[in-house]
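J.: Have a look at the structure that comes next, please.
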Amino acid sequence: MASSNAPPIDLSGPQLRDARALAESMHRHLFYSQAKSPSLASPHDHYCCLALAVRDLLLQNWVDTAEAYTKQHVRTATYLSAEYLLGPHLENNLVNLGMRQAAEVACAELGLSLEDLIALEPEPGLGNGGLGRLAACFQESMASLELPAIGYGIRYEFGIFRQQIQNGHQVESTDPWLAQGNPWEVMRPEWAYPVTIGGHTVLGVAYDTPILGYGVHTANTLRLWSAQAPESFDFASFNAGHYTQAVLQKIHSETLSKVLYPNDETGQGKQLRLSQQIFFVSCSLQDMFRILKGQGMAVTQFHEKFAVQLNDTHPAIAVAELMRLLIDDHGVDWDTAWSITTSSISYTNHTLLPEALETWGLDLFAHLLPRHLEIIYEINARFLRMVRIRYPGQPALLERLSLIEEGPYRKLRMANLAVVGSHHVNGVAELHSTLVRQQLFPEFAELWPDKFTNVTNGVTPRRWIAVANPFLSALMDEAIGTGWRRDLGELKGLEPHAGDPAFLERWRTVRDQSKQRLANAIHQDLGVLVDPSSLFDVQVKRIHEYKRQHLAALQIVERYLRIRNGEDLPPRTFIFGGKAAPGYAMAKLIIRLISGIAEIVNMDPAMDGRMRVVFLPNFSVSLGQKVYPAVDLSEQISTAGLEASGTGNMKMALNGAVTIGTLDGANIEIRDLVGHDNFFLFGHTAEQLEVINRGGYHPMPWLQNDPIAREAIDLIGSGHFSEGDRDLFDPLLANLCSSDPFRVMADLGDYRRAQNSVDDAWLDTTSWNRMSLLNTARCGFFSSDRSIHEYAERIWKVKPVPIDAGNLIPSTPSGAS
Numbered sequence: 085m086a087s088s089n090a091p092p093i094d095l096s097g098p099q100l101r102d103a104r105a106l107a108e109s110m111h112r113h114l115f116y117s118q119a120k121s122p123s124l125a126s127p128h129d130h131y132c133c134l135a136l137a138v139r140d141l142l143l144q145n146w147v148d149t150a151e152a153y154t155k156q157h158v159r160t161a162t163y164l165s166a167e168y169l170l171g172p173h174l175e176n177n178l179v180n181l182g183m184r185q186a187a188e189v190a191c192a193e194l195g196l197s198l199e200d201l202i203a204l205e206p207e208p209g210l211g212n213g214g215l216g217r218l219a220a221c222f223q224e225s226m227a228s229l230e231l232p233a234i235g236y237g238i239r240y241e242f243g244i245f246r247q248q249i250q251n252g253h254q255v256e257s258t259d260p261w262l263a264q265g266n267p268w269e270v271m272r273p274e275w276a277y278p279v280t281i282g283g284h285t286v287l288g289v290a291y292d293t294p295i296l297g298y299g300v301h302t303a304n305t306l307r308l309w310s311a312q313a314p315e316s317f318d319f320a321s322f323n324a325g326h327y328t329q330a331v332l333q334k335i336h337s338e339t340l341s342k343v344l345y346p347n348d349e350t351g352q353g354k355q356l357r358l359s360q361q362i363f364f365v366s367c368s369l370q371d372m373f374r375i376l377k378g379q380g381m382a383v384t385q386f387h388e389k390f391a392v393q394l395n396d397t398h399p400a401i402a403v404a405e406l407m408r409l410l411i412d413d414h415g416v417d418w419d420t421a422w423s424i425t426t427s428s429i430s431y432t433n434h435t436l437l438p439e440a441l442e443t444w445g446l447d448l449f450a451h452l453l454p455r456h457l458e459i460i461y462e463i464n465a466r467f468l469r470m471v472r473i474r475y476p477g478q479p480a481l482l483e484r485l486s487l488i489e490e491g492p493y494r495k496l497r498m499a500n501l502a503v504v505g506s507h508h509v510n511g512v513a514e515l516h517s518t519l520v521r522q523q524l525f526p527e528f529a530e531l532w533p534d535k536f537t538n539v540t541n542g543v544t545p546r547r548w549i550a551v552a553n554p555f556l557s558a559l560m561d562e563a564i565g566t567g568w569r570r571d572l573g574e575l576k577g578l579e580p581h582a583g584d585p586a587f588l589e590r591w592r593t594v595r596d597q598s599k600q601r602l603a604n605a606i607h608q609d610l611g612v613l614v615d616p617s618s619l620f621d622v623q624v625k626r627i628h629e630y631k632r633q634h635l636a637a638l639q640i641v642e643r644y645l646r647i648r649n650g651e652d653l654p655p656r657t658f659i660f661g662g663k664a665a666p667g668y669a670m671a672k673l674i675i676r677l678i679s680g681i682a683e684i685v686n687m688d689p690a691m692d693g694r695m696r697v698v699f700l701p702n703f704s705v706s707l708g709q710k711v712y713p714a715v716d717l718s719e720q721i722s723t724a725g726l727e728a729s730g731t732g733n734m735k736m737a738l739n740g741a742v743t744i745g746t747l748d749g750a751n752i753e754i755r756d757l758v759g760h761d762n763f764f765l766f767g768h769t770a771e772q773l774e775v776i777n778r779g780g781y782h783p784m785p786w787l788q789n790d791p792i793a794r795e796a797i798d799l800i801g802s803g804h805f806s807e808g809d810r811d812l813f814d815p816l817l818a819n820l821c822s823s824d825p826f827r828v829m830a831d832l833g834d835y836r837r838a839q840n841s842v843d844d845a846w847l848d849t850t851s852w853n854r855m856s857l858l859n860t861a862r863c864g865f866f867s868s869d870r871s872i873h874e875y876a877e878r879i880w881k882v883k884p885v886p887i888d889a890g891n892l893i894p895s896t897p898s899g900a901s
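Here it is, written out as structure tokens:
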């Protein structure tokens with residue numbers, strides 16, 4: 085059955101043979117792997133057969149890659165991340181293999197729909213948002229650039245929660261993504277490592293997933309650790325009749341890899357989160373020592389073999405753990421161990437928010453990791469001695485730089501530990517990296533100016549254009565060739581078409597196809613009819629006050645009032661999506677406000693054909709693949725100076741969206757690249773806000789001078805969007821009108837001005853189409869391939885290793901990675 089999302093298929097020669105071979109492989113797996121006949125097979129059985137058939141095609145690449153890395157003793161990047169928001173594997177692997185169309189034909193020969201099978205794949209919920217999705221893009225780019233690399237993380241049995249919206253409120257439920265198994269992974273029970281936490285030992289067992297590069301033979305490894313008890317069953321206790329006691333050790337151990345990000349507002353939650361971090365970091369480092377030994381290299385060559393990248397502060401304990409392994413397990417002296425550690429590790433900072441810079445109470449840390457605390461005390465003592473010599477008589481400086489935060493409740497500063505133990509520290513956009521140096525770590529930057537650098541984030545064009553947007557991909561292939569999939573800079577070739585009215589009309593037509601696809605999904609899933617010809621105004625990301633979804637909500641209420649008062653405004657569909665942390669009450673109240681606005685707007689006859697509001701529950705990679713290609717206006721409206729980078733802004737712009745945003749994160753670089761005329765700018769800059777804050781900010785003067793905003797806030801407070809409940813939104817409104825920590829009121833007036841400019845621009849169809857095309861054509865910089873190339877060249881010193889296709893399956897030595 086031909087896919088509704090892809091151009092017509094015309095296979096011949098080798099591709100047709102590939103399709104038939106794939107169909108035969110699926111048929112074999114139905115019998116040999118699923119033990120089913122076609123008449124008894126479920127749709128999920130057929131999905132598993134296709135996944136296993138595709139995995140078979142990856143295995144040669146995977147084995148050849150490991151063999152080459154082992155024999156050549158290549159320097160390897162090891163990426164430590166607590167999150168990997170991978171998205172479904174099947175379609176991405178088919179695209180990277182160049183076999184998507186062959187798979188469509190193979191499925192059709194078996195009476196199946198490839199689209200239906202793709203939709204059945206459970207999504208690994210191993211990440212919470214941009215951090216985890218970035219890690220996934222980076223893994224795919226490392227393989228596509230043929231860079232030796234291993235990704236390390238945790239195989240959470242239950243991923244990020246499933247989000248439902250019930251009566252307008254976010255309700256969380258379990259995400260059992262492994263309930264029906266995972267055909268993409270291979271368990272490696274022979275690679276299991278003990279980790280002692282609080283006197284209790286747990287084993288980390290490796291589960292490997294191949295990460296295939298695009299158009300190359302390289303398949304790197306994502307290695308995730310699952311927690312198991314050293315002895316799963318206490319037979320003596322069972323024999324004595326203590327049946328529950330016999331399995332307690334197993335239950336206690338496996339809790340470590342049960343769920344992504346336990347609620348750490350409680351003491352038990354904090355303990356579990358810290359335990360997870362040392363668990364996966366220790367397993368990963370022990371695995372690196374195994375690889376080192378297997379390749380016949382000395383322990384003291386660790387830094388020559390491995391470039392260890394910390395993805396934010398979650399794996400920062402690696403500094404102390406690598407020291408412990410070198411000193412305690414391998415007998416290396418302190419100075420040599422410290423030189424190896426600081427030559428191996430680099431650290432990416434992803435946030436300026438104080439609450440996201442992890443600290444741990446010393447009591448908890450001493451209880452769980454007493455030896456690590458001893459090592460950290462020694463690191464701190466030696467570091468402060470050096471600072472004292474360089475800056476004598478400055479006790480306040482020592483206090484700010486110390487790894488220990490003094491006070492009634494002493495804490496360990498993990499970000500400081502990461503900076504001290506790394507050879508490079510990078511931010512993820514030009515502004516963010518500047519603020520990291522000037523505001524977050526100014527004293528460290530003065531001490532080590534060459535340590536700090538910038539690597540602006542990027543996204544993979546394979547997942548976020550080739551897979552997500554088959555309509556636009558086909559048009560671009562015809563216009564500029566297929567090379568953009570490997571070199572996103574080739575999108576520049578679209579720019580000459582910006583002056584061609586006929587091409588711009590085709591551009592709009594393929595974008596309308598993506599909008600229709602999303603409109604169909606919204607109607608099917610939510611029962612809401614949206615007009616694909618309306619302007620799709622989209623904000624999909626983690627729900628947080630600094631991202632200011634409530635600023636957008638206020639503007640929608642204002643628009644609602646304006647239409648009710650007779651203004652003729654162009655039709656818009658406002659689309660939101662994202663999850664609020666379960667313990668974040670204000671973020672969950674913002675979701676309730678958006679849901680309340682949607683309920684009233686969507687049933688008001690005066691809004692019919694003029695405005696719709698939609699909140700998409702349970703936002704995910706799969707849903708993002710439908711949303712990003714359909715965006716007309718990309719909402720990137722965070723408080724200036726607080727968004728590290730953003731990658732949703734890149735995905736939308738690359739798919740032809742025009743951005744409305746502040747000068748924050750990567751917005752600055754997007755605006756500079758696409759042209760100021762193709763970006764709707766508003767709001768105070770980070771420098772302007774700093775001046776306002778120094779003068780003593782209060783929102784009421786801004787509100788008193790803005791009757792439109794007052795009317796919107798009064799309407800919300802009246803209970804109009806909360807079924808008459810005047811108290812429901814009091815905490816949110818009181819926050820906005822009293823402290824307004826994220827300066828919503830200061831930016832609301834200018835946001836309104838920019839939105840009026842959007843309305844005017846949308847009415848000129850040709851001009852909008854041109855802006856859309858130029859956003860895609862000029863955003864090739866935002867490729868994760870470019871980001872990874874910069875990491876490899878400037879920070880990791882890792883070089884590409886092309887992998888030759890093998891004819892025979894080699895025997896992989898025990899030290900292979």
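Going by the numbering used here, the first residue of the sequence shown is number 85, and it counts up by one from there.
C-beta: ideal position from N, C-alpha, C; glycine also.
Quick caveat: nothing in here was measured; it's all calculated off a predicted structure.
Bridge partners for F390 per DSSP, in chain order?
T.: Residue numbering aside, residue 390 sits at position 306 when the sequence shown is read from its first letter. Bridge partners of F390: T160.
J.: Measuring CB atoms only, is the region 635 to 655 touching the region 686 to 697, in the sense that at least three cross pairs come out at less than 8 Å?
T.: yes
J.: Run the CB neighbour count on M183, radius 10 Å, all protein chains shown included, and call it buried at 16 or more, exposed below.
T.: In the sequence shown, residue 183 corresponds to position 99, counting from 1. Classification for M183: buried.
J.: Excluding the 5 residues flanking S366 on each side, which residues of the same chain have their C-beta closer than 6 Å to its C-beta?
T.: The sequence position of residue 366 within the sequence shown is 282, counting from 1. Counting only Cβ-Cβ distances below 6 Å, and skipping sequence neighbours, we find V279 and E405.
J.: Compute the Euclidean distance between the alpha carbons of S895 and E727, then round it to the nearest angstrom.
T.: Within the sequence shown, the letter at position 811 stands for residue 895. Within the sequence shown, the letter at position 643 stands for residue 727. Residue confidence for S895 is low, a pLDDT of 40 falling below 50, so the modelled location carries little weight and cannot support an answer.
J.: Among A861, S225 and S718, which one has its Cα closest to the Cα of L619?
T.: For this step, residue 619 is matched to residue 535 along the sequence shown. When only C-alpha atoms are compared, the closest one is S718.
J.: Tell me the residue span of the beta strand (DSSP E) that contains N38.
T.: Within the shown structure, residues of the chain are numbered from 85 to 901, placing residue 38 beyond reach of any answer.
J.: Could you give the DSSP three-state label for M695: helix, strand or coil?
T.: By 1-based counting over the sequence shown, the position of residue 695 is 611. Reduced to three states, the DSSP call for M695 is strand.
J.: Within the chosen definition, does the region 233 to 247 reach the region 185 to 197 through at least 3 CB pairs nearer than 8 Å?
T.: no
J.: Taking just the CA atoms, how far does D571 sit from W261?
T.: Translated into positions along the sequence shown, residue 261 becomes position 177. Translated into positions along the sequence shown, residue 571 becomes position 487. A straight line joining the alpha-carbon of W261 with that of D571 spans about 34 Å.
J.: Using a Cβ-Cβ cut-off of 8 Å (strictly less than) and excluding sequence neighbours within five positions of Y630, which residues of its own chain qualify?
T.: Taking the first residue of the sequence shown as position 1, residue 630 is located at position 546. Contacts found: L437, S722, T723, L726, E727 and F826.
J.: Measuring alpha carbon to alpha carbon, tell me which residue in G491, D292, T258 and S257 is nearest P273.
T.: For the purposes of this step, residue 273 is taken as residue 189 along the sequence shown, with counting starting at 1. Checking every option, the nearest Cα to that of P273 belongs to D292.
J.: For H607, which three-state DSSP category applies?
T.: Position 523 of the sequence shown, counted from the start, is the residue given in the question as residue 607. Reduced to three states, the DSSP call for H607 is helix.
J.: Mapping DSSP to helix, strand and coil, what is H111?
T.: Sequence index remark: in the sequence shown, residue 111 carries index 27 (1-based). If DSSP states are grouped into helix, strand and coil, H111 belongs with the helices.
J.: Thinking just about the alpha-carbon of each residue, which of V758, S427 and I800 is nearest to the one in V685?
T.: Taking the first residue of the sequence shown as 1, we reach residue 685 at position 601. By alpha-carbon distance to V685, the top candidate from V758, S427 and I800 is I800.
J.: Look up A586 in the DSSP assignment and say whether it is helix, strand or coil.
T.: On the sequence shown, residue 586 is found 502 positions in, with the first residue counted as 1. If DSSP states are grouped into helix, strand and coil, A586 belongs with the helices.
J.: Measure how close the beta-carbons of V392 and L164 come, nearest whole angstrom, since I'm counting them as under 8 Å.
T.: Mapped onto the sequence shown, residue 392 falls at position 308. Mapped onto the sequence shown, residue 164 falls at position 80. Beta-carbon to beta-carbon, V392 and L164 are separated by about 7 Å, close enough to satisfy the 8 Å threshold.
J.: In three-state DSSP terms, what is Y493?
T.: Taking the first residue of the sequence shown as 1, we reach residue 493 at position 409. Coil at Y493, not helix or strand.
J.: Go through the region 495 to 544 residue by residue and report every complete run of the beta strand (DSSP E) that reaches 3 residues or more, in order.
T.: Segments of the beta strand (DSSP E) lying fully in the region 495 to 544: 495 to 497, 509 to 511 and 536 to 538.
J.: Over the uninterrupted beta strand (DSSP E) stretch that includes I238, give me the two end residues.
T.: As a working note, residue 238 is residue 154 in the sequence shown. Element bounds for I238: A233 to I238.
J.: Using a C-beta cutoff of 8 Å, does E642 count as contacting chain D?
T.: The structure shown contains no chain D; it holds only a single protein chain.
J.: Please report the distance separating the alpha-carbon of P122 from that of T305.
T.: Residue mapping note: residue 122 aligns to position 38 of the sequence shown, counting from 1. Residue mapping note: residue 305 aligns to position 221 of the sequence shown, counting from 1. Cα to Cα, the separation comes out at about 33 Å.
J.: Is H253 helix, strand or coil when you go by DSSP?
T.: Taking the sequence shown and counting its residues from 1, the one referred to as residue 253 is at position 169. Here H253 sits in strand by DSSP.
J.: How would you write the range of the beta strand (DSSP E) that E439 sits in, first residue to last?
T.: For the purposes of this step, residue 439 is taken as the residue at position 355 of the sequence shown. That residue, E439, is in no beta strand (DSSP E); it is neither H nor E in DSSP.
J.: Using the Cβ count rule (16 or more neighbours within 10 Å means buried), how would you classify M829?
T.: Walking along the sequence shown from the start, residue 829 turns up at place 745. Classification for M829: buried.
J.: Could you say if the region 372 to 385 and the region 140 to 148 meet the contact criterion of at least three C-beta pairs nearer than 8 Å?
T.: no
J.: In angstroms with no decimal places, state the Cα-to-Cα distance between L481 and Y475.
T.: The residue given as residue 481 occupies position 397 in the sequence shown. The residue given as residue 475 occupies position 391 in the sequence shown. In this structure, the alpha-carbon of L481 lies about 8 Å from that of Y475.
J.: So, is Y835 buried or exposed, given that buried needs 16 or more other C-beta atoms within 10 angstroms?
T.: The count along the sequence shown starts at 1 and reaches residue 835 at position 751. Its Cβ being crowded by 16 or more others within 10 Å, Y835 is buried.
J.: The alpha helix (DSSP H) that contains L832, what's its start and end?
T.: Sequence index remark: in the sequence shown, residue 832 carries index 748 (1-based). Unbroken alpha helix (DSSP H) run through L832: V828 to W846.
J.: May I ask you to list the residues that DSSP assigns as paired with D824?
T.: Within the sequence shown, the letter at position 740 stands for residue 824. DSSP lists no partner for D824.
J.: Assign L100 to one of three DSSP states: helix, strand, or coil.
T.: Looking up residue 100 in the sequence shown gives position 16. It is helical.
J.: Write down the C-beta distance between T162 and I234 rounded to the nearest angstrom, noting that I regard them as a contact closer than 8 Å.
T.: As a working note, residue 162 is residue 78 in the sequence shown. As a working note, residue 234 is residue 150 in the sequence shown. Between I234 and T162 the Cβ distance is about 5 Å, and since that is below 8 Å, they are a contact.
J.: Straight-line CA distance for Q99 to F222?
T.: As a first step, residue 99 is located in the sequence shown; it is residue number 15 there, counting from the start. As a first step, residue 222 is located in the sequence shown; it is residue number 138 there, counting from the start. Straight-line Cα distance between these residues: approximately 29 Å.
J.: If I'm right that A671 touches H628 with Cβ under 8 Å, what's the distance once you round it to whole angstroms?
T.: Translated into the one-based positions of the sequence shown, residue 671 becomes position 587. Translated into the one-based positions of the sequence shown, residue 628 becomes position 544. The pair is a contact, with the Cβ atoms about 6 Å apart (cut-off 8 Å).
J.: Report the partner residues of V270 according to the DSSP bridge assignment.
T.: For the purposes of this step, residue 270 is identified with residue 186 of the sequence shown, where counting begins at 1. D292, per the DSSP bridge assignment.
J.: Could you spell out where the beta strand (DSSP E) holding R656 opens and where it closes?
T.: What you label residue 656 is simply residue 572 of the sequence shown in a count that begins at 1. In the DSSP assignment, R656 falls within the beta strand (DSSP E) that extends over R656 to G661.
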